[in-house]
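Worksheet for the structure shown next.
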Amino acid sequence: MSLLGAVEEGFKKNVAGFDIGDTVRVSVKVVEGDKERIQPFEGVVIARRGGGTRETFMVRKVSFGIGVERIFPLHAPVVDKIEVLKRGRVRRAKLYYLRSKKGKAARIKEREREPVWTTTSTDMTNR
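Residues in the sequence shown are numbered consecutively from 87, following my numbering.
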């Protein structure tokens with residue numbers, strides 16, 4: 087087995103189908119000392135970049151009136167679960183314009199109802 091194949095073996099196989107504009111809840115494993123807990127980060131996906139095992143996505147939320155953006159590697163072991171809460175209808179690949187919008191102007195229209203996907207760490211293991 088090649089070195090690249092051995093590294094890619096640990097990556098997730100089944101990743102939730104989410105797009106730009108979707109509202110997601112990303113459960114992140116946080117290690118504090120010898121304890122490990124799961125911290126949710128909920129917001130709108132404003133960008134996806136890269137491909138394959140290097141793919142990342144950016145999630146934006148407004149916390150206490152301050153915009154917070156976080157970049158997550160899609161296949162990182164710290165990402166425990168990705169839940170799609172709402173499907174957004176947008177016409178752009180990058181939603182950086184949301185940074186300058188406030189309040190109701192930053193809303194995204196919702197797509198028609200589709201099945202909502204959830205990816206857990208048990209689904210992401212090799213089969």
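Every residue gets a Cβ at the ideal spot worked out from N, C-alpha and C, and that includes glycine.
Start-to-end residues for the beta strand (DSSP E) that takes in residue i
i      : result
Ala133 : Lys121 to Arg135
Arg111 : Thr109 to Glu118
Asp105 : Counting along the chain, Asp105 falls outside any beta strand (DSSP E), and DSSP gives it neither H nor E.
Pick from the options that is closest to residue i, judged by C-alpha positions
i      : options                           : result
Val148 : Ser88, Ala192, Val101 and Arg135  : Ala192
Ser113 : Gly91, Arg197 and Val165          : Val165
Val176 : Gln125, Gly119, Val130 and Lys115 : Val130
Arg146 : Asp105, Arg178, Gly119 and Arg185 : Arg185
Leu90  : Gly103, Lys115 and Thr139         : Thr139
Ala179 : Gly103, Ser88, Gly107 and Val101  : Gly107
Leu160 : Val110, Leu171 and Lys195         : Val110
Gly189 : Thr142, Phe150, Leu171 and Gly137 : Phe150
Thr43  : Leu171, Ile124, Ala162 and Gln125 : There is no way to answer for residue 43, as the model of the chain reaches only from 87 to 213.
Gly137 : Val101, Lys167 and Asp120         : Val101
Lys167 : Ser88, Arg123, Arg135 and Glu196  : Arg123
Lys172 : Lys187, Leu181, Glu198 and Gly119 : Glu198
Gly134 : Glu118, Lys121 and Leu181         : First, the amino acid is wrong: residue 134 is Arg here, not Gly. When only C-alpha atoms are compared, the closest one is Leu181.
Per DSSP, cross-strand counterpart(s) of residue i
i      : result
Ser157 : Here residue 157 turns out to be Ile, not Ser, going by the sequence shown. Answer is Met144, bridged to Ile157.
Gly174 : Glu196
Lys167 : Ser113
Asp149 : The displayed chain sequence assigns Ser, not Asp, to residue 149. Its beta-bridge partners are Ile152.
Contact belief for residue i with residue j at Cβ below 8 Å, rounded distance in angstroms
i      : j      : result
Thr152 : Met144 : A small correction: the amino acid at residue 152 is Ile; Thr does not occupy that position in the sequence shown. Incorrect: roughly 16 Å between the Cβ atoms, too far for contact.
Ile157 : Gly174 : Rounded, the Cβ-Cβ distance is 19 Å, inconsistent with contact.
Phe104 : Val170 : 5 Å
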